[in-house]
Every structure is written in structure tokens, then in C-alpha cells.
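To start, the structure itself, in C-alpha cells.
Residue numbers (the numbering used here): 55 to 505.
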């Protein structure tokens, strides 16, 4: 249990203060979760890159520190107010002809093609996974696991059809209806449009759209996710990050699919929506629908209940097992980064994300301002590290002051504003750090090619 002190206040003041503390606790938890998601996204993106290993390792340490301090633990139930529980009902999967919904066959090869092929770079193909013969049949719920940078997201993009195979064949069932939810989906929404309009446009669009979907149906789904009243009518740019994620989830949920591809969906959804989604997925599909999921969220995966685990093995091969998740799947979850870095070398450590930046390398080399910024980047990064540490120390001090002034609502509001400003500054510094790391990597790549 948790002991809360309420000094010198009437019962009505106690109720008001309890509600204020509950909101503050939830807000802080969501802010910490958002920060952790950004750190994890950086690790996922750059963990296997030799040029960014130091920065990725630093973020792993920050995540471990946040976990050790309990900053990623949801506020206790007796501290928080009773909150709205989102409801999500996924439509039944459309019936398909035959058992196999999607397949990669012919010893397929998953990876990228290097569009910047030069005489000094004689191999235009960047393979990540080889000898793939994978059938996704009706009723399969597959969890994809493996070290960061091994190609999990690349595999999902290939299954989706947005990234062509380097070798082999991708075969769709004629009745395939794909539903895709990626960790960046909420950030890709058109911020100038109303939430309800985005949901209806998505539900009505495409060959598998339903033009009969009404605004009221869209608002019902949005309302079930907590976007009630005028929130459904607001422009997406006016919504918070968590609310944007709920809009994306409503778009995902309103169009029937028989195969869902999910990439780290819990990164940008709050805990209530993650629970609603996992509960809905656990009861969805039966023998007609299938899932392919990438996730580091143990509780989410256990709630969904998988039938198969697909592991990306060392050497770039796949291993499909017919089983649910087990405790060993989560052992040393933060060591996958170290393992992937220890087995990589400068010549073989390029991840799928690094290959995308090749087209900008020449621009970095030719632009004097970018060259100067890349040259000064190590010094600036050292300064950013010091600034982040100083501001986090100030945030910790404010946390102590907030506990000491628990009954002074006015003081708590002022401290909360000061803390939010500091956390915003830390976030900006972290984003600048990421930009500098990317710039340094591009400069190194461009210099290597020019030689």
C-alpha cells in the first residue's frame, strides 16, 4: 500500500487535493513513459550501428536508471483517481479463400538495395534475413523477437508489401485485408484535419473501404477510446500525443482486416489503451484472422496470447516455433543491444535504418555549414550530456519539494510548471543529441565513400 499525508484540511479540501495529486501522478507517469518510448525508439533504430553505439548505450543506461527509480511504474491504484477505461471492439476478420493469408517463399531474402552504388561499393544489396520460407495461415498469432537492428521492422515492411524482396516471392491471398499499426502512425497524422474526418476518410478509402461508414460511427469508436464530445471534432494538431495515438487506433480499428501487422504499438499508447487493445486482440480472429506483432511489452504480449514465436537468429535466419511466450523470452531484455553490438563490425553493422541515410551523405560532405556542425558535434554532445544531468538533478529536487508541500495546492502548481519546463528542455536537448549523432554518422559514411 501507499501512505498519503493530508494535513490541516477539511473533507472537501481532502477530496480536491486527492484529485489534484492523482492527476499529477498520472501526468508524471505518462511523461516518463513518453520519454522512455523516445529513448527506446533511439535504441531500436541505432542499437546495431557502430557509429551510434555510444549514444545508444547511454540511452540504455538512462532507461535502466528510470526503471531502477520506479519512474516507469504506473501510479498505485489507491493514489490515482478512478479513470475512464477505453473500450475497443475490432471488427470480425473477412473470410479468406484457403488457409494461407500471406507467404514469403523461394528462400526469400529480406533487406535493402543500395541506390547509391558506386565502384567503391560493389555490392548493391544489403541483406538482413536470408532463406525465408514463411507461411502466415489463418488463426496464427505470431510474436516477432530478436536483437535490436536485426531486421524485425524490415521484415514487417516486407510482409506489408512496402519493401520489395531482394530474392524470392511474396504471395498474397486474393482475399487478404491488411491492417497496419506502426509506432510512428500517430506522428504521421495530418494535423490540419479533424480527428473524426481522418477516421471516416480512412474507413471509407481504398479498395476495401466502406463508403457507408458515417461520422456518427467514427465518433462512437473515438468516444469508446475516450475522445468524447468536442475532442472528436478538434484538429489533430490541437490534441495531446496520447490523444493522437487514440485517433490512430480508431482508424486502425474501424476497417475490417484478416491480418494485422503491429510494430511496437505500446510505445505511444497510454496504459489504458494498451490494455484495451491487448484484450481486444486476445478475443479477436479465432480461426479466421492472424497477427504478426513486434513488441517489447511483456504484459501486452501475455494478454494477447500468441500461438507462435518467430525469432531472428544470428546469421540472419528465422526460427518459427508453435508456442506462446515464456519467461526466457524476456530474460536480459536490455542486453540485446550489447549482444548485437558485440557481434557487429564497422563493415557489417549497418542496420536497415542506416541504409536510408545514404542518399543524404553527399549533401553533408558538400555543405560547409553541415561539415562544421559535424566537426563540432562531439564537443556539443559532451555539453548536452552535462546539461541533461544538471536539469535531471533539478527535476529530482523539485520532486522532493512537491512531496514536502503536499497540502499546498498553489505551490504544487508552480512546482509542476517549473518541472514541465525543465522536462521540455531535456527533451529538446535529447532530440538535438540524436540529430548530431545522425549527422556524424552521415559524415563518416560520406567520407568513406569519397575515398
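We treat Cβ as the ideally placed atom computed from N, Cα and C, and that holds for glycine.
Notebook entry, point to check: Which of helix, strand or coil does DSSP assign to residue 470?
Noted result: The answer is helix: DSSP assigns residue 470 an H, G or I state.
Margin query: With a threshold of 8 Å, are at least 3 pairs of Cβ atoms found where one atom belongs to the segment 369-385 and the other to the segment 213-221?
Written below: Contact between the segment 369-385 and the segment 213-221 is absent: fewer than 3 CB-CB pairs across the two stretches fall below 8 Å.
Note to self: Measuring only the C-alpha atoms, how far is residue 492 from residue 71?
What the structure shows: Those two C-alpha atoms are separated by around 45 Å.
Check: Looking at the unbroken alpha helix (DSSP H) that takes in residue 351, where does it start and where does it end?
Finding: In the DSSP annotation of this structure, residue 351 is not part of any alpha helix (DSSP H), being labelled neither H nor E.
Checklist line | Distance, residue 80 Cα to residue 275 Cα | finding: Approximately 24 Å, taken between the alpha carbons.
Check: Is residue 237 buried or exposed, if buried means 16 or more other CB atoms sit within 10 Å of its CB?
Finding: So residue 237 counts as buried.
Check: Using the beta-carbon count (16 or more within 10 Å), is residue 293 buried or exposed?
Finding: By the neighbour-count rule (16 or more Cβ atoms within 10 Å), residue 293 is buried.
Note to self: I need the boundaries of the alpha helix (DSSP H) containing residue 194, first residue and last residue.
What the structure shows: First-last for residue 194: undefined, no H or E at that position.
Check: residue 442 to residue 194, Cα distance in whole Å?
Finding: If I take the Cα positions, the gap works out to 45 Å.
Notebook entry, point to check: Got a sec? Which residues, its chain only, sit under 6 Å from residue 332 by beta carbon, not counting five neighbours each side?
Noted result: Sequence-distant Cβ neighbours of residue 332 in its own chain, meaning closer than 6 Å and more than five residues away, are 354, 357, 358.
Notebook entry, point to check: Assuming residue 344 and residue 224 make a contact with CB atoms under 8 Å, what is their CB distance in whole Å?
Noted result: The beta carbons of residue 344 and residue 224 sit about 16 Å from each other, so the pair does not count as a contact at 8 Å.
Check: Does any residue of chain D bring its CB to less than 9 Å from the CB of residue 377?
Finding: Among the protein chains of the structure shown there is no chain D, as only one such chain exists.
Next item on the list: Rank 156, 488, 366, 82 by C-alpha distance to the C-alpha of residue 311 and give the top, closest one.
Entry: If we check each option's Cα against that of residue 311, 156 comes out closest.
Note to self: Along the chain, where does the beta strand (DSSP E) containing residue 373 start, and where does it finish?
What the structure shows: For residue 373, the enclosing beta strand (DSSP E) covers residues 371-375.
Note to self: Quick check: the segment 241-260 against the segment 300-318, are at least 3 beta-carbon pairs closer than 8 Å?
What the structure shows: Three or more Cβ pairs closer than 8 Å define a contact, and the segment 300-318 meets that threshold against the segment 241-260.
Check: Where does residue 506 fall in DSSP's three states?
Finding: Beyond the ends of the chain as shown, which are 55 and 505, falls residue 506; an answer cannot be given.
Item checked: Close beta carbons around residue 488, own chain, < 7 Å, minus the five adjacent residues each side -> For residue 488, same chain residues with a beta-carbon under 7 Å away, outside a window of 5 residues either side, are 96 in chain order.
Notebook entry, point to check: Thinking C-beta only, is residue 234 closer than 9 Å to residue 314?
Noted result: For residue 314 and residue 234, yes; Cβs fall inside 9 Å.
Notebook entry, point to check: Taking Cβ positions, are residue 129 and residue 342 nearer each other than 9 Å?
Noted result: Taking C-beta atoms as the reference points, residue 129 and residue 342 fail to come closer than 9 Å.
Notebook entry, point to check: According to the neighbour-count rule (16 or more other Cβ atoms, all chains shown, within 10 Å of its Cβ), is residue 497 buried or exposed?
Noted result: By the neighbour-count criterion, in which a residue is buried when 16 or more other Cβ atoms sit within 10 angstroms of its Cβ, residue 497 is buried.
Note to self: Can you tell me whether residue 181 is helix, strand or coil according to DSSP?
What the structure shows: The DSSP-derived three-state label of residue 181 is strand.
Note to self: By alpha-carbon positions, which one of 88, 75, 214 ends up nearest to residue 478?
What the structure shows: Relative to residue 478, the option among 88, 75, 214 whose CA is nearest is 88.
Note to self: For residue 75, tell me which candidate among 458, 494, 435 has the shortest Cα-Cα distance.
What the structure shows: Its Cα nearest to that of residue 75, the residue 458 stands out among 458, 494, 435.
Note to self: Taking only three categories from DSSP, how would you classify residue 289?
What the structure shows: Reduced to three states, the DSSP call for residue 289 is strand.
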